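According to the numbering used here, the sequence shown holds residues 5 to 419 in order.
Each residue gets a CB set at the ideal place from its N, CA and C atoms; glycine is no exception.
Bear in mind the structure is a predicted one, so any value in this text is a computation, not a measurement.
Before any comments, here is the structure.
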Amino acid sequence: MSTLQRRDADLFLESVRLADVAERFGTPSYVYSRAAIESSWRAFDEGLAGTPHLVCYAVKANANLAVLGVLARLGSGFDIVSGGELARVLAAGGRPEKVIFSGVGKGAGEIRAALEAGIRCFNVESEPELVRLDAIASSLGRRAPVSLRVNPDVDAGTHPYISTGLRGNKFGIPHERALAAYEVAARLPNLDVIGIDCHIGSQILDPAPLLEALDRVLGLAAQVRARGIPLEHVDIGGGLGIAYRMGEQPPDVAAWCRTAAAQVSSAGYGIVMEPGRAIVGNAGVLLTTVEYLKEDKERRFCVVDASMSELLRPALYEAWHDIVPVAVRPGEEKAWDVVGPVCESADVLGSDRVLAVSPGDRLAILSAGAYGMAMSSNYNSRPRPCEVMVDGSRAVEVRPRESVASLFAPERLID
Ligand code: LLP
5 MSTLQRRDAD
15 LFLESVRLAD
25 VAERFGTPSY
35 VYSRAAIESS
45 WRAFDEGLAG
55 TPHLVCYAVK
65 ANANLAVLGV
75 LARLGSGFDI
85 VSGGELARVL
95 AAGGRPEKVI
105 FSGVGKGAGE
115 IRAALEAGIR
125 CFNVESEPEL
135 VRLDAIASSL
145 GRRAPVSLRV
155 NPDVDAGTHP
165 YISTGLRGNK
175 FGIPHERALA
185 AYEVAARLPN
195 LDVIGIDCHI
205 GSQILDPAPL
215 LEALDRVLGL
225 AAQVRARGIP
235 LEHVDIGGGL
245 GIAYRMGEQP
255 PDVAAWCRTA
265 AAQVSSAGYG
275 IVMEPGRAIV
285 GNAGVLLTTV
295 EYLKEDKERR
305 FCVVDASMSE
315 LLRPALYEAW
325 HDIVPVAVRP
335 GEEKAWDVVG
345 PVCESADVLG
355 SDRVLAVSPG
365 DRLAILSAGA
375 YGMAMSSNYN
385 SRPRPCEVMV
395 DGSRAVEVRP
405 RESVASLFAP
415 ERLID
């Protein structure tokens, strides 16, 4: 479902005119659609219906409390990678028994907090982590439910920075060591082995590697079971891509869910998924204002008030985000490099974008709901933007713009 629509000249998110949001809250600002988040989550939940399942939203994609709260109300589970994310989930009303804890470097304090909260499962990535988890569980007098994240050695066919399932990657337990790790886990007295998981990468547009990984994980699960270690669930991770530009064809969520659920349930397991981007990516935009137009013989620069500090993806991954006017107005269209004010040549939000723009115009950078605010920084002492959630005809500020004073308030001068 697209909740972003143009009505005549104006861009709307649900029933809210984005020009009004920019006016009321200023720019740069992130704006999310509640209805888009809900319908994307439901596509997973309904696609898995009929099989015992849990859709665990990957909090890292967008950790705003309002986003987590909307999903918690739907009954979502959560995939966390830190104690900070656990605290956010609990503060937003998420249920600990629907939380799974992924990540290659879980700290002792983080493990303790998760055990005390009573989370559903630890996705363990190494044998030393198993040993640490067992010791902490013992010290707390608790049992730790575990799944082993295996590295299926499958090429997700995506950007190398967001590909995680290949041999030589830091993630997961190598496929060929997995059985030995399961035997270690089964012998540790304070662990309950309940699952197997993998996550091969992100922004995956071709379903073939996902299917290959599922196949390899199911093969391994059968071998684990044959050694007398019964598993309850198979967690196939996240990674489903979204359309960032016209013509991009992401895999169909419902079809992928149905296929995966059929295979996993016929092997006798429940299924867990960890989608992040596919739930929030296309539910958010970043609004920005044109500050200056700089034209010379070589290039044309459209300097806006958003930057790599607010949206790092183009600078870090050369990622494409469509950029469109918030209100279309007549004027000569030219190709612009849309750049921010940050002092880095990489601070380019989009190259060669054909736009009719003047200073003061508002632009919307699309598909910015995932890994946008979540990866923002204060580089160049820029306050983080506000976040607004649209719900029908209301627009609620769910995080105010940071103030400059708050950026250095905790810092101290020395004599
Ligand atoms: N599960 C695990 C264990 C993960 O590491 C990730 C993402 C997910 C689930 C969710 O993946 P998704 O469904 O969102 O693809 N910053 C990058 C993406 C990094 C993804 C890291 N792991 C970007 O902006 O493209």
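Item	Value
In angstroms, rounded to a whole number, what distance separates the CA positions of I208 and R333?	36 Å
Within its chain, find whatever has a CB closer than 7 Å to the CB of A190; leave out the 5 residues flanking it on each side and keep chain order.	V197 and I233
Where are the alpha helix (DSSP H) runs, 4 residues long or more, that stay fully inside the segment 283-348, in chain order?	317-321
With DSSP as the reference, label M377 as helix, strand or coil.	helix
Is the beta carbon of P156 closer than 9 Å to that of I204?	yes
Decide yes or no for the touch test of the segment 389-401 against the segment 350-363: beta carbon pairs closer than 8 Å, at least 3 of them.	no
Kindly indicate the opening and closing residues of the beta strand (DSSP E) around R420.	In the structure displayed, the chain extends from 5 to 419; residue 420 sits before or after that span and is not available.
Might you give, ordered along the chain, the residues of its own chain that have their beta carbon closer than 7 Å to the beta carbon of K174, omitting 5 neighbours on each side?	V108
Which full runs of the alpha helix (DSSP H) of 4+ residues lie inside the segment 97-133, going along the chain?	112-121
Give every residue of the same chain whose Cβ lies closer than 7 Å to the Cβ of V188, excluding the five residues on either side of it in the sequence, and list them in chain order.	E131 and L134
Using 10 angstroms around the beta-carbon of M250, count the other beta-carbons present and answer buried if the total reaches 16, otherwise exposed.	exposed
Could you check where the beta strand (DSSP E) with R388 kicks off and where it finishes?	Segment: none, R388 is in no beta strand (DSSP E) and carries neither H nor E.
Considering only C-alpha positions, which residue in the set A96, K338, D210 and V74 is nearest to A259?	D210
Does the Cβ of A53 lie closer than 8 Å to at least one heavy atom of the ligand LLP?	no
Our contact map puts A378 next to A65 with C-beta atoms below 8 Å; I'd like the distance itself, whole angstroms only.	6 Å
Secondary structure at H57, three-state DSSP: helix, strand or coil?	strand
State the Cα-Cα distance for the pair L244 and A265, rounded to the nearest angstrom.	15 Å
Check whether the segment 51-67 touches the segment 22-32, counting contact only when three or more Cβ pairs, one atom from each stretch, lie closer than 8 Å.	no
Give me the Cβ distance between A426 and L94, rounded to the nearest whole Å; I'm assuming they're in contact under 8 Å.	Lying before the first or after the last residue shown, residue 426 is absent from the chain, which here runs from 5 to 419.
Which class does A182 belong to by DSSP, given the choice of helix, strand or coil?	helix
Assuming the contact rule is C-beta atoms closer than 8 Å, E114 and S86 should be a hit. Round their C-beta distance to whole Å, please.	6 Å
If the criterion is Cβ atoms closer than 9 Å, does the pair S33 and R405 meet it?	yes
What does the alpha-carbon distance come out to for the pair E336 and R220?	54 Å
So for I200, helix, strand or coil by DSSP?	strand
Count the other C-beta atoms from every protein chain shown that fall within 10 angstroms of the C-beta of Q9, then say buried if there are 16 or more, exposed otherwise.	exposed
Considering only the alpha carbon of each residue, which of S407, R416, L417 and V400 lies closest to S19?	V400
Taking only the alpha-carbon atoms, compute the straight-line gap between D365 and R11 and give it to the nearest angstrom.	18 Å
Leaving out five residues on either side along the sequence, give the residues of the same chain with a beta carbon under 7 Å from the beta carbon of V74.	R38, I41 and E42
Alpha carbon to alpha carbon, how far is V346 from H57?	44 Å
Residues in the same chain with beta-carbon distance under 6 Å from H237, minus the five sequence neighbours each way, listed in chain order, please.	G199, Y273, G274 and V276
Would you call the CB atoms of V307 and E322 closer than 9 Å?	no
I need the boundaries of the alpha helix (DSSP H) containing E42, first residue and last residue.	R38 to G51
Would you say the beta carbon of Y321 is closer than 8 Å to some non-hydrogen atom of the ligand LLP?	yes
Report yes if the CB atom of L119 is closer than 9 Å to the CB atom of R92, and no otherwise.	no
Quick one: does the C-beta of Y165 sit closer than 8 Å to a heavy atom of the ligand LLP?	yes
Does at least one heavy atom of the ligand LLP sit under 8 Å from the Cβ of Q9?	no
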